[in-house]
Amino acid sequence: MAEKQLRDPWIMNERGQRVWNAKVAFGDAWSLVTPVERRFLVVVVIGLLIVLGIHWS
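FYI, in numbering that gives the first Met the number 0 the residues of the sequence shown are 0 to 56.
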């Protein structure tokens with residue numbers, strides 16, 4: 000399988016400043032993750048939210 004080329008998340012805004020484009024960065028990173036890894040990450044995040052919710056209540 001060919002390796003996917005990541006895009007540069009740093010873009011120039013209308014004022015000529017270099018800014019970090021999170022949509023490009025996270026979109027490219029998420030596309031490199033396999034469906035099994037995505038499921039695992041979703042379960043971990045939901046589990047952390049539940050644990051923190053119980054802890055804070």
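All C-beta atoms, glycine included, are put in the ideal place defined by N, C-alpha and C.
Per DSSP, residue i forms a beta bridge with which residues?
i, result
"Val18", "Ile10"
What span of residues does the alpha helix (DSSP H) with residue i cover, start to end?
i, result
"Glu36", "Pro34 to Trp55"
Whole-angstrom Cβ separation of residue i and residue j, contact assumed at under 8 Å?
i, j, result
"Pro34", "Val23", "No, Pro34 and Val23 are not in contact; Cβ-Cβ is about 21 Å, not under 8 Å."
For residue i, which residues from the same chain have a beta carbon less than 8 Å from its beta carbon, with the 5 sequence-adjacent residues on both sides left out?
i, result
"Lys3", "Asp27, Ser30 and Leu31"
"Ala21", "Pro8"
"Val18", "Trp9, Ile10, Met11 and Asn12"
Sorry if obvious, but does the Cβ on residue i come closer than 6 Å to a heavy atom of the ligand GTP?
i, result
"Leu5", "Inclusion of the ligand GTP in the displayed structure is not the case, the ligand content being empty and no account of it being possible."
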